[in-house]
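**Student:**
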Ligand code: SF4
């Protein structure tokens, strides 16, 4: 079994999973990071939010 794949599947990103501002980043090692693109223009939002995100002012559904 691929351990990095297992950890990806067990990650619960909360709202970020369905947010338009989210960009999935895959590292060479197979780790996955949830990048919040609002962070580029609004410093209130961390680049890599603490997951799971349950409430977010910037959330925008598809
Ligand atoms: S705006 Fe909020 S919900 Fe959307 S990606 Fe950023 S932190 Fe996640």
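Numbering (this note's numbering), first residue to last: 9 to 70.
For each residue, glycine too, the CB sits at the ideal point set by N, CA and C.
Since this is a predicted model, take the numbers as computed values, not measurements.
1. Under 7 Å Cβ to Cβ from residue 31, same chain only, skipping five residues before and after it: list those, please.
2. Tell me which residues pass a beta-carbon proximity test against the ligand SF4: closer than 6 Å to any heavy atom, given in chain order.
3. Measuring alpha carbon to alpha carbon, tell me which of 37, 29, 59 and 55 ends up nearest residue 19.
4. What is the rounded straight-line gap between the Cα of residue 63 and the Cα of residue 36?
5. If you count every other CB in all the chains shown that lies within 10 Å of the CB of residue 57, and 16 or more means buried, which is it?
**Tutor:** Let me lay it out:
1. 43 and 45
2. 23, 24, 27, 29, 30, 44, 46, 53, 57, 61, 64, 66 and 67
3. 59
4. 30 Å
5. buried
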